[in-house]
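In my numbering, the protein residues as written are 540 to 878.
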């Protein structure tokens, strides 16, 4: 971990945070893949693992500089800053395109994940009975998660806390989409749409000097839910990082094989050719979230129609997604050669 970073390195750390934040917002795409492909996955996990008893001892004793250096503060703060900005900017751009060109967006994501599988697997030369078995297990788990049916929305605070702990796995486990898990748990709209919008609206009102939200019980309830979810995410992020740090140090090859299998299995989640199934009431009427959007229940996948020009455009965007990852691979090699 290096605290003496150039301005360019710091800028790209924020960009990587933007990409991780955007990836975590989209069902089927994992922020962990961004970290893995971007070449900072292990530093990310090891930095989070440094948030431990020693770190809190430094913090509470007033040794702030020592605390900052110990937890790799420059790296974490810039990365997290990028993630937060992404939730209110890049992710909204993605929402815009998902509404208007959903097929092409999913096609690009599909291509990026295909490229990430190549990126991770190309230099992995440790296949054995153990790693092949681990890869198959990861593949089966990934496929199984892809075809689970979502639950109903639940605003119980203990469940919200658990949602935070579980959903943040997408940032630490490449291939496991935290937002897709929230769909399966039934709380995607509540936690990643309604709550984020409530925080954005509240912030905007405070800037204008409007504090009327303090009398809005629904808004306060949503903000409380977001606070509990954020706390659960922080606890999950740190606790998972400790586990993963241990696993990566002691079972690196097996872990990599599981990740390769898991990402391959998760391709079913981002299969571009799918029909969105919305939640309906007992009368068959589509249910809407508080922001006016239909509530997604699941996806019905189908094979592409190759007689359609739209299909060929989608395939073009698959290639674009693959090219992005190949470009990152090329950039990484070139950068290593000049160091």
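Note that beta-carbon positions come from the ideal geometry of N, C-alpha and C, so glycine has one too. These numbers come from a predicted model, not from an experiment.
Contact under 8 Å by Cβ, residue i with residue j
i: residue 643; j: residue 856; result: yes
i: residue 730; j: residue 721; result: yes
i: residue 804; j: residue 685; result: yes
i: residue 625; j: residue 560; result: yes
i: residue 584; j: residue 784; result: yes
i: residue 606; j: residue 702; result: no
i: residue 853; j: residue 673; result: no
i: residue 564; j: residue 780; result: no
i: residue 682; j: residue 807; result: yes
i: residue 754; j: residue 726; result: no
i: residue 614; j: residue 582; result: yes
i: residue 654; j: residue 816; result: no
i: residue 652; j: residue 799; result: no
i: residue 621; j: residue 553; result: yes
i: residue 705; j: residue 775; result: yes
i: residue 590; j: residue 802; result: no
i: residue 795; j: residue 663; result: yes
i: residue 649; j: residue 811; result: yes
i: residue 773; j: residue 758; result: no
i: residue 569; j: residue 716; result: yes
i: residue 577; j: residue 617; result: no
i: residue 547; j: residue 586; result: no
i: residue 793; j: residue 669; result: yes
i: residue 659; j: residue 575; result: yes
Those residues which DSSP pairs with residue i across a bridge
i: residue 839; result: 814
i: residue 819; result: 825
Residue interval of the alpha helix (DSSP H) (run including residue i)
i: residue 587; result: 580-588
i: residue 573; result: 570-576
i: residue 533; result: It is not possible to answer for residue 533, since the shown part of the chain is limited to 540 through 878.
i: residue 792; result: 791-804
i: residue 712; result: Per DSSP, residue 712 belongs to no alpha helix (DSSP H) and is neither H nor E.
i: residue 747; result: Premise fails: residue 747 is in no alpha helix (DSSP H) and is neither H nor E.
i: residue 641; result: 641-660
i: residue 603; result: 603-609
i: residue 809; result: No alpha helix (DSSP H) holds residue 809; DSSP gives it neither H nor E.
i: residue 700; result: 696-706
i: residue 667; result: Element bounds for residue 667: n/a, residue is neither H nor E.
i: residue 595; result: 592-599
Whole-angstrom C-beta distance between residue j and residue i, which should lie under 8 Å
i: residue 734; j: residue 765; result: 4 Å
i: residue 671; j: residue 797; result: 11 Å between Cβ atoms; not a contact.
i: residue 741; j: residue 752; result: 5 Å
i: residue 818; j: residue 826; result: 5 Å
Closer than 7 Å: residue i CB and nearest the ligand COA heavy atom
i: residue 667; result: Looking for the ligand COA in the displayed structure turns up nothing, as the structure carries no ligands at all.
Chain B contact for residue i (CB, 8 Å cutoff)
i: residue 842; result: Here chain B cannot be found, since the structure has a single protein chain.
Open item on the list: Suppose only complete runs of 4+ residues qualify. What are the alpha helix (DSSP H) ranges in the stretch 714-743, listed by chain order?
Closed with: 717-724
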